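A.B. asks: This is the structure I want to talk about, given as structure tokens.
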Amino acid sequence: MKCTKCKEIVTDFVHCGKCDGHYHFNCAGISESSYRKMGQEKKSAWRCILCRAQAQPSDSASTVSLADILLEIKNLRTDFNIMKTDLNEIKSDISSTKQCLLELDMKWSDMDKRFTDIEGRLNGFEEKMSGVTTLQKDLKKANEMISVLKQDNNMHDQFSRLNNVEISGIPMRNGENLNSLLRDLCSVVGFSLCETDIDTVHRVRRHITNDKQTPRHPSIIVRFTQRRRKDQLLAAVRVRRTLTTADVGLHGPAATIYISDHLTPTNKLLLKRARELKVEKQYSYLWVRDCKILMRKNDNSKIVRISNESDLYKIK
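Just so you know, we're using full-length UniProt numbering here: the sequence shown kicks off at 1 and counts up by one.
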């Protein structure tokens with residue numbers, strides 16, 4: 001079907017009740033929404049522009065033309081009302097959109113405040129973390145200084161013990177004479193002890209232990225006046241290899257007597273850990289000479305000195 005005016009194909013059209021023509025909405029001069037909202041009676045009475053223009057100026061024609069005019073006015077009023085309704089809907093949509101924009105603006109303002117607050121907190125956290133980092137650096141330096149001081153103190157403490165030997169494994173007895181006991185020990189190992197060799201002889205404080213089955217007897221500390229004489233005694237002990245309480249005439253079950261360099265508590269812990277590593281890493285030799293802890297993998301390897309904890313990590 002073709003449009004009566006433009007002769008183009010028309011599928012959705014306006015129908016003229018007089019000439020039976022079919023028109024595009026634009027060609028008919030009427031909006032689609034206005035035409036859709038007409039009742040069936042109004043659609044049947046609708047006239048195209050040509051039919052309205054061809055009306056004769058007779059009384060009857062004038063009457064018809066006036067009716068057409070009134071109908072057109074009525075149609076225009078309908079179109080106006082429809083447009084007014086559409087405008088009101090648009091206004092309502094605009095008002096609703098404006099309200100949404102206001103709400104979005106309020107939400108954005110609230111989010112902006114929250115972001116500002118979060119940013120402030122993050123800045124505060126960064127400042128605190130900066131302070132924590134500084135404290136960590138200071139703590140690291142302090143720990144390093146403490147470690148150095150401990151090593152220095154241990155070194156000085158060990159130096160002060162260079163003339164000492166520690167004798168362990170001898171039970172403590174009431175009224176014991178340590179000088180006489182020392183002379184007996186020296187005689188057994190073949191060391192000629194002079195009175196001028198000894199500065200002091202004493203037992204350390206009793207070690208408290210929860211192990212009631214194997215009580216530990218306090219060690220005996222002997223301080224020599226000369227380091228050379230101390231070394232000679234230790235050399236004689238190494239030649240003897242084993243020494244027991246029975247060898248020096250002490251009553252009771254024979255117990256092994258140990259005579260060694262007088263190590264500091266720190267170095268004793270290092271020696272204990274070194275013994276564990278000796279087994280773990282399958283080292284052949286571990287010994288103490290001149291208060292120094294020494295290890296050796298085998299006869300062909302280099303001697304390793306254990307001076308501190310870090311040296312233990314070098315054992316492979």
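Ideal placement from N, C-alpha and C gives every residue a C-beta, glycine not left out.
Being a predicted model, the structure only gives us computed values, none of them experimental.
Between residue 252 and residue 184, how many whole angstroms is the CB-CB distance? I'm expecting something under 8 Å.
C.D. replies: Counted from its first residue, the sequence shown places residue 252 at position 252. Counted from its first residue, the sequence shown places residue 184 at position 184. Incorrect: roughly 16 Å between the Cβ atoms, too far for contact.
A.B. asks: How many Å lie between residue 309 and residue 270 at the Cα?
C.D. replies: The residue you call residue 309 lines up with position 309 of the sequence shown. The residue you call residue 270 lines up with position 270 of the sequence shown. One C-alpha to the other measures close to 7 Å.
A.B. asks: Drop a sphere of 10 angstroms on the beta-carbon of residue 159, count the other beta-carbons inside from all chains shown, and report buried for 16 or more, exposed for fewer.
C.D. replies: Numbered from its first residue, the sequence shown carries residue 159 at position 159. When all chains shown are included, residue 159 counts as exposed.
A.B. asks: If I follow the unbroken alpha helix (DSSP H) through residue 25, where does it start and stop?
C.D. replies: Position 25 of the sequence shown holds residue 25. It spans 25-28 - the alpha helix (DSSP H) in which residue 25 sits, taken as one unbroken run.
A.B. asks: What residues are listed by DSSP as bridge partners for residue 183?
C.D. replies: In the sequence shown, counting from the first residue as 1, residue 183 sits at position 183. In DSSP, residue 183 forms no bridge with anything.
A.B. asks: Alpha carbon to alpha carbon, what distance is there between residue 261 and residue 289?
C.D. replies: Counted from its first residue, the sequence shown places residue 289 at position 289. Counted from its first residue, the sequence shown places residue 261 at position 261. Each residue's Cα considered, the two are about 8 Å apart.
A.B. asks: Quick check on the burial criterion: 16 or more other C-beta atoms within 10 angstroms. Buried or exposed for residue 148?
C.D. replies: Residue mapping note: residue 148 aligns to position 148 of the sequence shown, counting from 1. Under this definition residue 148 is an exposed residue.
A.B. asks: Counting Cβ pairs, one atom from each stretch, are 3 or more of them under 8 Å apart for the stretch 68-76 and the stretch 104-114?
C.D. replies: Counting Cβ pairs under 8 Å, fewer than three are found: no touch.
A.B. asks: Roughly how many angstroms lie between the CA atoms of residue 63 and residue 99, to the nearest whole one?
C.D. replies: Against the sequence shown, residue 63 aligns to sequence position 63. Against the sequence shown, residue 99 aligns to sequence position 99. Low per-residue confidence applies at residue 63: pLDDT is 49, beneath 50, and the placement is therefore not dependable, though the value from the model is reported in the following sentence. Near 53 Å, if we compare the C-alpha coordinates of residue 99 and residue 63.
A.B. asks: In chain order, what residues of the same chain lie with their CB nearer than 6 Å to the CB of residue 169, ignoring the 5 residues before and after it?
C.D. replies: For this step, residue 169 is matched to residue 169 along the sequence shown. Correct list, in chain order: 255, 256, 257, 258.
A.B. asks: If you measure between the beta carbons of residue 5 and residue 21, is that distance less than 9 Å?
C.D. replies: For the purposes of this step, residue 5 is taken as the residue at position 5 of the sequence shown. For the purposes of this step, residue 21 is taken as the residue at position 21 of the sequence shown. Cβ atoms of residue 5 and residue 21: closer than 9 Å.
A.B. asks: Taking 6 Å as the limit between beta carbons, can you name the residues of its chain near residue 60, skipping five residues before and five after?
C.D. replies: Working through the sequence shown from its first residue, we reach residue 60 at position 60. Its pLDDT being 46, under 50, residue 60 is placed unreliably in this model, and the coordinates cannot settle the point.
A.B. asks: Hey, how far is the Cα of residue 39 from the Cα of residue 16?
C.D. replies: If you number the sequence shown from 1, residue 39 lands on position 39. If you number the sequence shown from 1, residue 16 lands on position 16. Looking at the two C-alpha atoms, the distance is approximately 14 Å.
A.B. asks: Are three or more beta carbon pairs between the stretch 292-306 and the stretch 274-281 nearer than 8 Å?
C.D. replies: Contact holds: three or more Cβ-Cβ distances are below 8 Å.
A.B. asks: Are residue 240 and residue 189 closer than 9 Å when you measure CB to CB?
C.D. replies: Residue 240 sits at position 240 when you count from the first residue of the sequence shown. Residue 189 sits at position 189 when you count from the first residue of the sequence shown. Yes, the pair counts as a contact, with Cβ atoms nearer than the cut-off.
A.B. asks: Which residues does DSSP pair with residue 224 in a beta bridge?
C.D. replies: Numbered from 1 along the sequence shown, position 224 holds the residue referred to as residue 224. Looking at the DSSP assignment, residue 224 forms a beta bridge with 198.
A.B. asks: Alpha carbon to alpha carbon, how far is residue 8 from residue 2?
C.D. replies: The residue given as residue 8 occupies position 8 in the sequence shown. The residue given as residue 2 occupies position 2 in the sequence shown. Computed Cα separation, rounded: 5 Å.
A.B. asks: For residue 137 and residue 231, I'd like the C-alpha separation in whole angstroms.
C.D. replies: If you number the sequence shown from 1, residue 137 lands on position 137. If you number the sequence shown from 1, residue 231 lands on position 231. Answer to the nearest angstrom: the Cα atoms are 45 Å apart.
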